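Student: Mind the numbering: the sequence shown is residues 147 to 287 in my numbering, read in order.
All residues carry an ideal CB built from backbone N, CA and C; glycine is no exception.
Just so it is clear, the structure is predicted and the values come from calculations on it, not from any experiment.
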Amino acid sequence: MPTDNTSKETKAQRREYLVIYVLCVVLLLSLGMLWLRQQGYFRAGPVVEHHPDKAVEKPIELNTARWWELTLIRGIGEVRAKEIIALREQKRREQRQRREKEVGFKSIDELLDVRGITPEILERMRQKVRLTPLSPASGRS
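1. Look at the alpha carbon of Q159 and the alpha carbon of C170, and state the distance between them as a whole number of angstroms.
2. Between the C-alpha atoms of L218 and R261, what's the straight-line distance to the nearest angstrom?
3. Counting Cβ pairs, one atom from each stretch, are 3 or more of them under 8 Å apart for the segment 262-273 and the segment 245-252?
4. I need the DSSP call for I263, collapsed to helix, strand or coil.
5. Please check the pair K237 and W213, which I expect to be a contact at CB under 8 Å, by giving their CB distance rounded to whole angstroms.
6. Tell me which residue opens and which closes the alpha helix (DSSP H) that Q241 is part of.
7. Would you grab the beta carbon distance between I254 and L216 for me? Rounded to a whole angstrom, and I think it's under 8 Å.
8. Measure the C-alpha to C-alpha separation of R161 and L173 and round it to an integer number of angstroms.
9. Find out if the Cβ-Cβ distance for the pair I230, I222 is shorter than 9 Å.
10. Can you have a look at L257 and say buried or exposed, based on whether 16 or more other CB atoms are within 10 angstroms of its CB?
11. Could you check the C-alpha separation between E269 and L177 for me, to the nearest Å?
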């Protein structure tokens, strides 16, 4: 029959093995997550690569374009494209409050209100974007 000391040692050994086992599992999971992260499995949203201006074959509709479509224009990255979309939505909210037809942008010149869009970038964009008035139901973001 085992003594109390033997059973205490066995319980202590089991606890030590359990702690070591848990630490090993956590270490392996952490290494796996690190490897997956380095492989790019945890990127948020679509990956947008910059394309030359010739990628824009026909003008992009400014009042319906999604942010990633705007990144096809040289000088417009993800952040600036999302700011353009945010400004368009803000304009629609203001138009809704004034009970006007919600179109978003009424003039391409309104893009100068976006931080970082200079007159030079705006001139380049004029050839790549267009404005067509919309009904509220046909807009998308």
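Tutor: Checking against the coordinates, here is how it stands:
1. 16 Å
2. 18 Å
3. no
4. coil
5. Going by Cβ atoms, the distance from K237 to W213 rounds to 16 Å, so no, they are not a contact pair.
6. E224 to Q243
7. The pair is not a contact, with the Cβ atoms about 13 Å apart (cut-off 8 Å).
8. 18 Å
9. yes
10. buried
11. 49 Å
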